[in-house]
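As they're listed, the protein sequences go chains A and B. Its first residue numbered 19, the first sequence is counted upward by one per residue in our numbering. Its first residue numbered 19, the second sequence is counted upward by one per residue in our numbering. Structure first, commentary second.
Protein chains: 2
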Amino acid sequence: MVDDVAMDGVFHALASGARRDMVARLADGPLTVGQLAAPLDMSLAAAAKHVQVLERAGVISRTVDGRRHICRLVPGPLASAQEWLEFYRRHWSERLDALEELLAEDFAPPDAPVRPRPAEEE
Amino acid sequence: MVDDVAMDGVFHALASGARRDMVARLADGPLTVGQLAAPLDMSLAAAAKHVQVLERAGVISRTVDGRRHICRLVPGPLASAQEWLEFYRRHWSERLDALEELLAEDFAPPDAPVRPRPAEEE
DNA sequence: CACATCGTCAACCATATGGTTGAGAATACC
DNA sequence: GGTATTCTCAACCATATGGTTGACGATGTG
């Protein structure tokens, strides 16, 4: 199955706008490191590090073609992450309507009512 | 829709086994900070920090009941992450069969000429 | 009241992350 | 050959992360 550490890597790889942008554009086909870096507001070296993060997470693979490195999506890892979330989605839908009732009475501690969404900040 | 920074937070929140474990157990119903911390091999203070990360990402919310802090899942943010992945899943399925062929001939002969030129540029 | 429990907070430490620059290895082009 | 392009690598820096411990506020419980 999907070991825990690998999952860490995948989610961490996705925890950056720059890297998600790369994944998004990679979904339309392979791109070189330079092409991936182009639209990002950072040096090539910085972007290359992001590519490396994606690669180490297994989210992308690279093939070297002459002097350029061609990157492409690897479906598996992203699918694993998606499935992890999908699994818990069931619980949400199950709980979603029950949750309102639940909040009203079921879980209420013996001496204090629990309210939904107290909107507290900081 | 889902702003980029919020997405960063959600994926980062999920990029830790400890925090995913919390989410997993939270899917079965609300738990206190202490209950969330119990199975994890770290101090309560450390676990409380993880709870805080989840909370700031909007993945969970907390209500204070006396001296206990009760945490529950907030479906929205996780659903957003799931949808982000779901969107690109389409691209994967399109490319999935093409990829296998590509890999089959691209990797087989180590000294054969490098094959595909995906981006014909200058 | 005295005491245990739950959780936060602050200080501290080690390491990881995200960016920079400069140098250099390959490769392509003239 | 000489030069430009593509990308990696190493050094460096600032800040974030993930853990620790100790003290403390607030709340239950005897």
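We treat Cβ as the ideally placed atom computed from N, Cα and C, and that holds for glycine.
Contact set for P149(A): own chain, Cβ-Cβ below 6 Å, skip 5 residues either direction:
The displayed coordinates of chain A run from 19 to 140. Any statement about residue 149(A) would go beyond what the structure contains.
* So which residues on chain A does V41(B) lean against when the C-beta distance must stay under 8 Å? -> Within chain A, the residues near V41(B) are Y106.
Task: Cut-off 6 Å between Cβ atoms - residues of its own chain near M40(B), not counting five sequence neighbours on either side - done: L54
Checklist line | Beta-carbon contacts of A137(A) that lie in its chain and below 7 Å, excluding the five residues immediately before and after | finding: A caution first: A137(A) carries a pLDDT of 31, below 50, which makes its placement in the model unreliable, though a value can still be read off. Closer than 7 Å at Cβ, skipping near neighbours: no residue.
**Asked** Within 8 Å (strictly less), CB to CB, does D59(B) reach chain A?
**Response** no
Compute the distance between the beta-carbons of V69(A) and V51(A), then report whether it is under 8 Å. yes
Taking 8 Å as the CB-CB limit, is Q142(A) close to chain B? Here chain A comprises residues numbered 19 to 140, so residue 142(A) is not present and cannot be evaluated.
| query | For S79(B), which beta-bridge partners are listed by DSSP? | reply | R90(B)
How would you call E119(A), buried or exposed, if buried means at least 16 neighbouring beta carbons within 10 angstroms? A caution first: E119(A) carries a pLDDT of 48, below 50, which makes its placement in the model too unreliable to give a value.
ask   = What does DSSP give as the partner residues of L49(B) in its beta bridges?
value = C89(B)
query = What are the boundary residues of the alpha helix (DSSP H) that A24(A) is part of?
reply = 22-32
> Would M25(B) pass as a contact of S98(B) if the rule is Cβ separation under 8 Å?
Replying inline: yes
Run the CB neighbour count on L49(A), radius 10 Å, all protein chains shown included, and call it buried at 16 or more, exposed below.
buried
Open item on the list: Quick check on this structure: which residue in E104(A), R85(A), G84(A), P93(A) has the alpha carbon closest to the alpha carbon of P93(B)?
Closed with: E104(A)
Problem set entry | Sequence-distant residues of its chain with Cβ nearer than 6 Å to V44(A) (five each side left out) | According to the sequence provided, residue 44(A) is Leu. The question's Val does not apply to it. Taken in chain order, the residues that qualify are L91.
Near A31(B), what residues of its chain come up, given a Cβ to Cβ distance below 7 Å and the 5 sequence neighbours on each side ignored? Hits under 7 Å: R37, V71, L72, A75, V77.
Reducing DSSP to helix, strand and coil, say where L44(A) ends up.
helix
Task: Residue-chain proximity (L32(B), chain A), Cβ-Cβ < 8 Å - done: yes
- prompt: Taking a cut of 8 Å between CB atoms, which residues from the stretch 71-97 of chain A lie near chain B?
  reply: Using a CB distance below 8 Å, the part of the stretch 71-97 of chain A facing chain B consists of T81, D83, G84, I88, R90, L91, P93, L96, A97, ordered along the chain.
Does any residue of chain A have a CB that is nearer than 8 Å to the CB of G35(B)?
yes
Take D22(B) as the anchor and find which of W102(B), R107(B), G47(B), T81(B) has the nearest alpha-carbon. W102(B)
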